[in-house]
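Asker:
In our numbering, the protein residues as written are 5 to 261.
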């Protein structure tokens, strides 16, 4: 097996006297879709927030592409190479779809405030490249015809796709998606699965937190299951599906997930 793209080991997080995460570890290989599932309150979003810099871990080690990184701030994590989306859509509603994706390029651009104000040649050239890249990403996720639409005028499924395009604009090593299928109808979920498989096929690695077990089992290469802040199972979908601890956590009885 290759060196993991992401290796996180021994993460602990407490809120007051409550242990939200207890010795959580996982590793993600290059070019795979890795799922993180568990019942409500299992600690999935807490773990996501720790690894992406929204929360500080009490302890643990973090390594991305063979280099240690410290998830102490969201912008530092983005520069390190992890881009994320949120369970609740967080777009700039008054901006166009194209402008939203262009914002995602900010962590990879060089011209700062002075360049934006002075509009010198290098700043104009960089803006033109950013616009061109944003247009390509909109086409990539199936939104080429919606570049000039306000973000809040798009359908729910299209807003989800726009968030993914904006995340891809940061040129991430790892794309981390928090409940991307939440609120989607059956048709939108089928389209989402196709997009995730397309992204993986183009060489990207993905971490997927998702309540839709059917989607996770169908699209993920490997899965970890959290319950009460601890990893109770890890492996290929079929292994995880039939793990006694997973069945107990989801159903409370010996039945198939």
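Ideal Cβ positions, reconstructed from N, Cα and C, are used throughout, including at glycine. Just so we're clear, the structure is a prediction, and the values are computed from it rather than from any experiment.
1) Cα separation between residue 44 and residue 234?
2) Can you pull the DSSP bridge partners for residue 31?
3) Looking only at DSSP bridge pairs, what is residue 68 linked to?
4) Can you name, in chain order, every residue of its own chain whose Cβ lies under 6 Å from the Cβ of residue 63, other than the five neighbours on each side?
5) Between which two residues does the beta strand (DSSP E) containing residue 239 stretch?
6) Hey, how far is the Cα of residue 46 from the Cα of residue 130?
7) Going by the beta-carbon positions, is the gap between residue 180 and residue 216 smaller than 8 Å?
8) For the stretch 40–69, which segments carrying the beta strand (DSSP E) assignment without a break, of at least 3 residues, lie completely within its bounds, in sequence order?
9) Assuming residue 173 and residue 219 form a contact by the criterion Cβ under 8 Å, report the distance between their Cβ atoms to the nearest whole angstrom.
10) Looking at residue 89: is its Cβ nearer than 8 Å to the Cβ of residue 171?
11) What do you get for residue 164, buried or exposed, if any count of 16 or more other CB atoms within 10 angstroms of its CB means buried?
12) Hey, quick one: how far does the beta strand (DSSP E) through residue 158 stretch, first residue to last?
13) Does the beta-carbon of residue 6 have 16 or more other beta-carbons within 10 angstroms, so that it is buried, or is it exposed?
14) Whole angstroms are fine: how far does the CA of residue 109 sit from the CA of residue 84?
15) Is the beta carbon of residue 76 closer than 8 Å to that of residue 65?
16) Buried or exposed: where does residue 162 fall if 16 or more other Cβ atoms within 10 Å of its Cβ makes it buried?
17) Here's the rule: buried if 16 or more other CB atoms are within 10 angstroms of the residue's CB, otherwise exposed. What is residue 73?
18) Looking only at C-alpha atoms, which of 242, 229, 239, 240 sits nearest to residue 252?
19) In or out: residue 274 buried (at least 16 other Cβ within 10 Å) or exposed?
20) List the residues that DSSP assigns as beta-bridge partners of residue 100.
21) How long is the line joining the alpha carbons of residue 167 and residue 243, rounded to whole angstroms?
22) On the CB-based measure, 16 or more other CB atoms within 10 Å of its CB, does residue 97 come out buried or exposed?
23) Which of helix, strand or coil does DSSP assign to residue 22?
24) Let me confirm a value: residue 38 is counted as buried when at least 16 other C-beta atoms fall within 10 Å, else exposed. Which label applies?
25) State the Cα-Cα distance for the pair residue 11 and residue 154, rounded to the nearest angstrom.
26) Where does residue 170 sit, in a helix, a strand or coil, going by DSSP?
27) Which partner residues of residue 191 appear in the DSSP bridge assignment?
Answerer: Reading off the structure:
1) Whole-angstrom Cα-Cα distance: 13 Å.
2) 11
3) As computed with DSSP, residue 68 is found in a beta bridge with 10, 71.
4) 16
5) Residues 234–239.
6) 44 Å
7) no
8) Taking 3 residues as the shortest admissible run, the stretch 40–69 contains the following complete beta strand (DSSP E) segments, listed from N- to C-terminal end: 63–68.
9) The pair is not a contact, with the Cβ atoms about 24 Å apart (cut-off 8 Å).
10) yes
11) Burial state of residue 164 is buried, judged by a 10 Å Cβ sphere holding 16 or more other Cβ atoms.
12) Unbroken run through residue 158: none, as it is neither H nor E.
13) exposed
14) 14 Å
15) Annotated as distal: residue 65 and residue 76, with beta-carbon spacing of 8 Å or more.
16) buried
17) By the neighbour-count definition (other C-beta atoms within 10 Å, threshold 16), residue 73 is a buried residue.
18) 229
19) This structure gives no information on residue 274, because the portion of the chain shown stretches from 5 to 261.
20) 154
21) 32 Å
22) By the beta-carbon neighbour count (other beta carbons within 10 angstroms, threshold 16), residue 97 is exposed.
23) strand
24) buried
25) 38 Å
26) helix
27) Partner(s): none; residue 191 has no beta bridge.
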